[in-house]
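In UniProt numbering, the protein residues as written are 1 to 125.
Glycine residues also receive a C-beta, built at the ideal position from the N, C-alpha and C atoms.
Down below is the structure, laid out as structure tokens.
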Amino acid sequence: MSRDRQRLLDYLVHILEAIARIERYVDDLDEVGFLTDELTQDAVIRNLEIIGEASNNIDKYYPEFSAQHDHVPFASAYEMRNALAHGYFRVDLEVVWKTLEKDLPELGLSVDKLIRQLMDENSGL
1 MSRDRQRLLD
11 YLVHILEAIA
21 RIERYVDDLD
31 EVGFLTDELT
41 QDAVIRNLEI
51 IGEASNNIDK
61 YYPEFSAQHD
71 HVPFASAYEM
81 RNALAHGYFR
91 VDLEVVWKTL
101 EKDLPELGLS
111 VDKLIRQLMD
121 ENSGL
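What follows is the structure, given as structure tokens:
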């Protein structure tokens, strides 16, 4: 695998690892539990920022790849990262929870599929 392709794969793996961490953090929580647990909120927000930053790097350094896979919301993930990173005390935790419930599982499936495709291409399958 070329160095350039490996870096793309690294960004995708960073996204998937951050999703897995978030899922572990909220595994035994419902919305009320999340909204009252500041430690988990901070951990989740940090990992959403990682997802957004890696997504931005994909958009920025691999625009053709991003365009070919426009069903994956890389730009939206970066927009959320900016809102979280610069929102400080204005973060809407209910929106964060809805993102975890609705968007994160779908993003994880999409990114996992992309990783598998890249690995298959590398192995010649």
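Whole angstroms are fine: how far does the CA of residue j sit from the CA of residue i?
{"i": "Gln-68", "j": "Tyr-61", "result": "14 Å"}
{"i": "Thr-99", "j": "Ile-115", "result": "22 Å"}
{"i": "Ala-83", "j": "Val-91", "result": "7 Å"}
{"i": "Leu-12", "j": "Phe-89", "result": "29 Å"}
{"i": "Arg-24", "j": "Leu-8", "result": "25 Å"}
{"i": "Asp-27", "j": "Gly-33", "result": "11 Å"}
{"i": "Arg-3", "j": "Glu-79", "result": "28 Å"}
{"i": "Pro-63", "j": "Asp-30", "result": "37 Å"}
{"i": "Glu-101", "j": "Arg-5", "result": "31 Å"}
Can you tell me which of the three DSSP states residue i falls into?
{"i": "Leu-29", "result": "coil"}
{"i": "Ser-55", "result": "helix"}
{"i": "Val-111", "result": "helix"}
{"i": "Pro-63", "result": "helix"}
{"i": "Val-91", "result": "coil"}
{"i": "Ser-2", "result": "coil"}
{"i": "Pro-105", "result": "helix"}
{"i": "Val-72", "result": "coil"}
Quick check on the burial criterion: 16 or more other C-beta atoms within 10 angstroms. Buried or exposed for residue i?
{"i": "Gly-52", "result": "buried"}
{"i": "Ser-55", "result": "buried"}
{"i": "Asn-122", "result": "exposed"}
{"i": "His-71", "result": "exposed"}
{"i": "Ala-20", "result": "exposed"}
{"i": "Val-111", "result": "buried"}
{"i": "Val-44", "result": "buried"}
For residue i and residue j, which I take to be in contact (beta-carbon distance under 8 Å), what is that distance rounded to the nearest angstrom?
{"i": "Leu-16", "j": "Gly-108", "result": "6 Å"}
Taking Cβ to Cβ, would you say residue i is nearer than 8 Å to residue j?
{"i": "Ala-85", "j": "Asp-59", "result": "no"}
{"i": "Leu-35", "j": "Leu-93", "result": "yes"}
{"i": "Leu-104", "j": "Ile-22", "result": "yes"}
{"i": "Asn-47", "j": "Ala-18", "result": "yes"}
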